[in-house]
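Q:
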Amino acid sequence: MTQAVVGGTVVEEEVRPRPWVVRHGGWLGPLAVALFAGLLRFWNLGYPNALVFDETYYPKDAWSLLQQGYEGTWPDNANEQILAVPQVIPLSSAPEFVAHPPVGKWVISLGEWAYGLHPFGWRVMVALLGTVTVLMVARIGRRLFGSTLLGCVAGLLLAVDGLQLVMSRVGLLDGVLMFFVLGAFGCLLVDRDHARGLLAAARAEGGRAGDQLKLGLRPWRPAAGLLLGLACATKWNGAPVLAAFGLLTVLWDQAGRRWAGAYRPWRSMLRRDALPAFLSLVGVAVVVYPLSWAGWFLTGGGYDRQWADDRSGAMSWVPAPLRSLWHYQVQMYDFNTGLSTPHKYQSEAWSWLVQGRPVSMYWEQVPNGQRGCTAPDGCGSQILALGTPLLWWTACFALLYVLWRWFFRRDWRSGAVLCAVAGIYLPWFRYQDRTTFSFYMVVLVPFLCLAVAQMLGAMLGPPGCSAERRRWGAVGAGLIVLAIVGCFAFFYPLYTAEVIPMSSWQDRMWFTSWI
44 MTQAVVGGTV VEEEVRPRPW VVRHGGWLGP LAVALFAGLL RFWNLGYPNA
94 LVFDETYYPK DAWSLLQQGY EGTWPDNANE QILAVPQVIP LSSAPEFVAH
144 PPVGKWVISL GEWAYGLHPF GWRVMVALLG TVTVLMVARI GRRLFGSTLL
194 GCVAGLLLAV DGLQLVMSRV GLLDGVLMFF VLGAFGCLLV DRDHARGLLA
244 AARAEGGRAG DQLKLGLRPW RPAAGLLLGL ACATKWNGAP VLAAFGLLTV
294 LWDQAGRRWA GAYRPWRSML RRDALPAFLS LVGVAVVVYP LSWAGWFLTG
344 GGYDRQWADD RSGAMSWVPA PLRSLWHYQV QMYDFNTGLS TPHKYQSEAW
394 SWLVQGRPVS MYWEQVPNGQ RGCTAPDGCG SQILALGTPL LWWTACFALL
444 YVLWRWFFRR DWRSGAVLCA VAGIYLPWFR YQDRTTFSFY MVVLVPFLCL
494 AVAQMLGAML GPPGCSAERR RWGAVGAGLI VLAIVGCFAF FYPLYTAEVI
544 PMSSWQDRMW FTSWI
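Letter by letter, the sequence shown follows residues 44 to 558 in the working numbering.
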């Protein structure tokens, strides 16, 4: 009950509780967006019945891990035998050199364990993680911006990004890496809010509490370290993200102590926060990485597993399995940094944000009269790893906006997004001579969506602005979102290998570099 004065008389008014939907909107909205994303990602997931692009490697490696604990070799015609009816699985126990650590392949193997070595089986776990990633973006956006609406907008944008959709529907490692990286970011964000709550109490006390306060156990940090360790054990691209997020979280601590009234916030952070942060993130990740090779350690048949058994030297005091693993990692590093074999769809990092050269992962020419094709010139069926163009081009402007917000307004939210961009995107500029592909940027897409959501939030107007200002801002932001959704719908056939007339396919080839 509340009291109001009406004509000099105190009148009690009944306060009605907010509707259930409003009270739980922080979860209902993100879950609704995730459900929509899941429908897109799981619909007809087993099509095409083929090993798409690098599915020729990872699903077979995943099956080998499931059966043997390490990656074995396959004959040249293994793909045809796997897809044949009746199926033949010609896995050999002879070890195979692999270019990436095993965690992503173990994730894929969970689907194969449940559904067999079939397209749905090797894609289902990646589709699940891709769907959960949409949910995480919506929740992270809500926490980051303090707005359920903006969080759901970020989730919706991710749900309708073509690159994220494609990489959630194929059995490759990059979608798994995206999940671990975003999960770590979310954990660190929760940790920041928890630490700020403790520092707020210290600020209220005044004095030197901001310098002296011990923040105690911070379980979300080792959780982030676990996820970043799993990211590194999926693809080594996770290592620079680990460094970037480690820097981000201690800078948040320094800023928090300064906000709480610390006289020497840098010194306080270095004394009280830096080492625990290092141990929670880097320390945990360093433990997780070798543990991810448990199958290789526990079996004797993996590649280079016995390399150090009969070798002596200055490091002979180190257990032979660890020396063998180190030798294997050196070989993997040399392979990954020296890969320069020309590829039709390779591209350089500077072109990725504008989607200059998307990767065609699957192509089939369908003659007239087959598979429902009625076009005189025939039809095409393609999976093109193309980010929704209007979303990515809008994100280019959004990145400029968040850069401005961070540099001139010291907006910590913009700084967080930019830190992720730096850790994910910038390291690729070191490898201008390496064979690289634009679909690596699927790890960056969630943060691009957060940047766009922040820019759209600014279009809505600051608190206290006029109703007309908000109305026109909502119209502008709404039109941008609708245009992005419409663009996604237009390109949807190219994301899911739909059979479309060649004339329709050509209408979607806006640039010759997309062909």
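Every residue, glycine too, gets a C-beta built ideally from N, C-alpha and C.
State the CB to CB distance for the pair Trp156 and Pro133, rounded to an integer number of angstroms; the pair is presumed to be in contact (CB under 8 Å).
A: Between Pro133 and Trp156 the Cβ distance is about 19 Å, and since that is not below 8 Å, they are no contact.
Q: Between Arg246 and Arg239, what straight-line distance do the alpha-carbon atoms span, to the nearest angstrom?
A: Cα to Cα, Arg246 sits roughly 10 Å from Arg239.
Q: What are the complete alpha helix (DSSP H) segments, minimum 4 residues, inside the segment 327-387?
A: Those alpha helix (DSSP H) runs which fall completely within the segment 327-387 and span 4+ residues are 327-334, 337-341 and 363-381.
Q: Am I right that Ala328 and Gly268 are in contact with their C-beta atoms under 8 Å? What's the rounded C-beta distance?
A: About 5 Å; that satisfies the 8 Å criterion.
Q: What does DSSP give as the partner residue(s) for Trp406 in the beta ladder?
A: Answer is Gln425.
Q: Using only the alpha-carbon positions, how far apart do Glu139 and Gly115 sit?
A: Computed Cα separation, rounded: 5 Å.
Q: Look at Phe534 and Thr437 and say whether their C-beta atoms are less than 8 Å apart.
A: In this structure, Thr437 does not lie closer than 8 Å to Phe534 by Cβ.
Q: Kindly indicate which residue of Pro364, Ala317 and Ala351 has the alpha-carbon position closest to the one of Gly338.
A: Out of Pro364, Ala317 and Ala351, Pro364 has the C-alpha closest to the C-alpha of Gly338.
Q: Return the first residue and the last residue of the alpha helix (DSSP H) that Val293 is part of.
A: Where Val293 is concerned, the enclosing alpha helix (DSSP H) stretches over Gly281 to Trp302.
Q: Would you say Trp558 and Met552 are within 8 Å of each other, going by their C-beta atoms?
A: First, the residue type needs correcting, since residue 558 is Ile and not Trp in the sequence shown. It is a contact, given that the beta carbons lie within the stated cut-off.
Q: If you run the structure through DSSP and keep just helix, strand and coil, what is Gly507?
A: Coil at Gly507, not helix or strand.
Q: Could you tell me if Val128 is buried or exposed, where buried requires 16 or more neighbouring beta carbons within 10 angstroms of its beta carbon?
A: Val128 should be labelled exposed.
Q: By a C-beta neighbour count over all protein chains shown, 10 Å radius and 16 as the cutoff for buried, is Pro62 buried or exposed?
A: By the neighbour-count rule (16 or more Cβ atoms within 10 Å), Pro62 is not buried but exposed.
Q: Entirely within the segment 173-216 and at least 4 residues each: give me those alpha helix (DSSP H) ranges in chain order.
A: DSSP runs (the alpha helix (DSSP H)) wholly in the segment 173-216: 191-202 and 205-211.
Q: Among residues of its own chain, excluding the 5 on either side of Leu108, which ones have a beta-carbon nearer than 8 Å to its beta-carbon?
A: Here the set comprises Glu114, Pro145, Lys148, Trp149, Ser152 and Gly338.
Q: What first and last residue would you give for the alpha helix (DSSP H) that runs through Pro265?
A: Taken as a continuous stretch (DSSP letters only), the alpha helix (DSSP H) holding Pro265 covers Trp263 to Cys275.
Q: Hey, out of Tyr101, Phe340, Cys422 and Leu461, whose CA is closest to Cys439's CA?
A: Looking at the Cα atoms, Leu461 is the closest of the given residues.
Q: With H, G and I counted as helix, E and B as strand and the rest as coil, what does DSSP make of Gly500?
A: Gly500 falls in the helix class under three-state DSSP.
Q: Any idea what DSSP makes of Gly154, helix, strand or coil?
A: Three-state result, Gly154: helix.
Q: Would you kindly work out how many angstroms separate the C-alpha atoms of Asn87 and Leu525, rounded to a whole number?
A: Using only the alpha carbons, I get a separation of about 25 Å.
Q: Anyone know if the C-beta pair for Trp471 and Asn379 falls short of 8 Å?
A: In this structure, Asn379 does not lie closer than 8 Å to Trp471 by Cβ.
Q: Between Arg261, Trp360 and Phe490, which lies nearest to Ala441 when the distance is taken from Cα to Cα?
A: Comparing Cα positions, the closest option is Phe490.
Q: Can you tell which of Gly381, Pro506 and Pro162 has its C-alpha closest to the C-alpha of Arg473?
A: Out of Gly381, Pro506 and Pro162, Gly381 has the C-alpha closest to the C-alpha of Arg473.
Q: Opposite Val542 in the DSSP bridges: which residues?
A: Answer is Ser424, bridged to Val542.
Q: Are there any heavy atoms of the ligand SAM lying less than 7 Å away from the beta-carbon of Gly198, as far as the coordinates show?
A: Among the components of this structure there are no ligands whatsoever, and the ligand SAM is therefore not found.
Q: Just tell me which of Ala351, Ser311 and Gln497 has its CA closest to the CA of Leu17.
A: Residue 17 is absent from the structure shown; the chain starts at 44 and stops at 558.
Q: What is the rounded straight-line gap between the Cα of Gly415 and the Cα of Gly423?
A: Approximately 11 Å between the Cα atoms of the pair.
Q: Can you find the residues in the same chain that come closer than 7 Å, C-beta to C-beta, to Arg645, ignoring five residues on each side of it along the sequence?
A: Given that the chain is displayed from residue 44 to residue 558, the structure contains no residue 645 and the question cannot be resolved.
Q: Suppose the cutoff is 7 Å on Cβ atoms and the five residues either side in sequence are ignored; what does the same chain contact list for Gly500 look like?
A: Cβ within range, chain order: Phe188, Ser190 and Leu193.
Q: Counting beta carbon pairs with one atom in the segment 311-325 and one in the segment 341-356, are three or more of them shorter than 8 Å?
A: Touching, no.
Q: Alpha helix (DSSP H) containing Tyr444: first to last residue?
A: Pro432 to Arg452 is the span of the alpha helix (DSSP H), which, as asked, contains Tyr444.
Q: What separation, rounded to the nearest whole angstrom, lies between the Cα atoms of Ala252 and Trp295?
A: Straight-line Cα distance between these residues: approximately 17 Å.
Q: Less than 8 Å between C-beta atoms, sequence neighbours within five positions excluded: which residues of the same chain meet that for Gly343?
A: Correct list, in chain order: Gln349.
Q: Compare the beta carbon distance of Ile183 and Phe222 with 8 Å and say whether it is the shorter of the two.
A: Not closer than 8 Å, so no.
Q: Measure the C-alpha to C-alpha separation of Arg513 and Val486 and round it to an integer number of angstroms.
A: About 33 Å.
Q: Just curious, the alpha helix (DSSP H) that Val464 is in, first and last residue?
A: Per DSSP, Val464 belongs to the alpha helix (DSSP H) from Trp455 to Ile467.
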